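First residue of the sequence shown: 9, per the numbering used here; consecutive thereafter.
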Amino acid sequence: MHKHLATHSLFFLAGLANRMQAAKKLSIALSVGAIAAMVAIELPGIAQQTPSYVPIPLQSEVVSDTLTDRDIPTGEKGFAKDYVLKVDAENRLEISVSSEAFDTVVSLIGDDGDVIAENDDGQPRGTDSILFVKVDKPGEYIIRVKSFGGRSGGKFTLRVTKLVPVENWIQPAGAGK
Numbered sequence: 009m010h011k012h013l014a015t016h017s018l019f020f021l022a023g024l025a026n027r028m029q030a031a032k033k034l035s036i037a038l039s040v041g042a043i044a045a046m047v048a049i050e051l052p053g054i055a056q057q058t059p060s061y062v063p064i065p066l067q068s069e070v071v072s073d074t075l076t077d078r079d080i081p082t083g084e085k086g087f088a089k090d091y092v093l094k095v096d097a098e099n100r101l102e103i104s105v106s107s108e109a110f111d112t113v114v115s116l117i118g119d120d121g122d123v124i125a126e127n128d129d130g131q132p133r134g135t136d137s138i139l140f141v142k143v144d145k146p147g148e149y150i151i152r153v154k155s156f157g158g159r160s161g162g163k164f165t166l167r168v169t170k171l172v173p174v175e176n177w178i179q180p181a182g183a184g185k
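Structure, rendered in structure tokens:
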């Protein structure tokens, strides 16, 4: 009887061990499956929430806008706003940014990502920025507006003026008399 009980107990324990091992495998499979399902569910949501970088096309010579913490992080404790400037031929440009809300910085960036020109305080005692730059080749350039030191943001005005060289300037009729 004891031998039969011992054999029955061994079969019981072996069956229990097999069920526990199967339960562990099922639990691991369910956990891995749940994680995979969570990843499959979460990734599209993350992709939809992550804004892609798209500079704003410059539609006019004067743009009034606002720099906020929802703009492009600069990695320098601040944010920036980028505008695309399309240039058809060699041009001389005046690019200025003014704001009563923050100390402005303006940069002109080439299609290779290099900063062509940058200015913080274009006026002797002011915090507005101004660039005078000659663009040698046609293409798309980025005008970046940011605050000095990333300290603040607010409303600003961006102006882009194509300058006419003096030798190409035609004096209006009747001027100079």
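Beta carbons are placed, not taken as given, at the ideal position from N, Cα and C, and that holds for glycine. As the structure is a prediction and not an experimental result, all values here were calculated from the model.
| task | Flag this pair as touching only if the stretch 158–170 and the stretch 116–129 have three or more C-beta atom pairs under 8 angstroms; answer yes or no. | result | no
| task | Go ahead and pull the three-state DSSP assignment for F87. | result | F87: strand per DSSP, three-state reduction.
| How is F164 classed by DSSP in three states: helix, strand or coil? | strand
| task | Classify E175 as helix, strand or coil using the three-state DSSP reduction. | result | helix
| query | Of the residues V114, E98 and G121, which one's Cα is nearest the Cα of L75? | reply | The shortest CA-to-CA distance from L75 to any of V114, E98 and G121 is the one to V114.
| message | Can you look up F140 in the DSSP assignment and give me helix, strand or coil? | response | Of the three classes helix, strand and coil, the one that applies to F140 here is strand, per DSSP.
| message | Which residues does DSSP list as the beta-bridge partners of S60? | response | Paired residues: none, contrary to the question.
| query | Tell me which same chain residues have a C-beta within less than 7 angstroms of the C-beta of V143, skipping the five on either side of it? | reply | V95, E98, N99, L101 and Y149
| request: Report the rounded CA-to-CA distance for E84 versus I117, giving the unit in angstroms. | output: 17 angstroms
| field | Option in V153, V141, K154 and P65 with minimal Cα separation from P173 | value | V141
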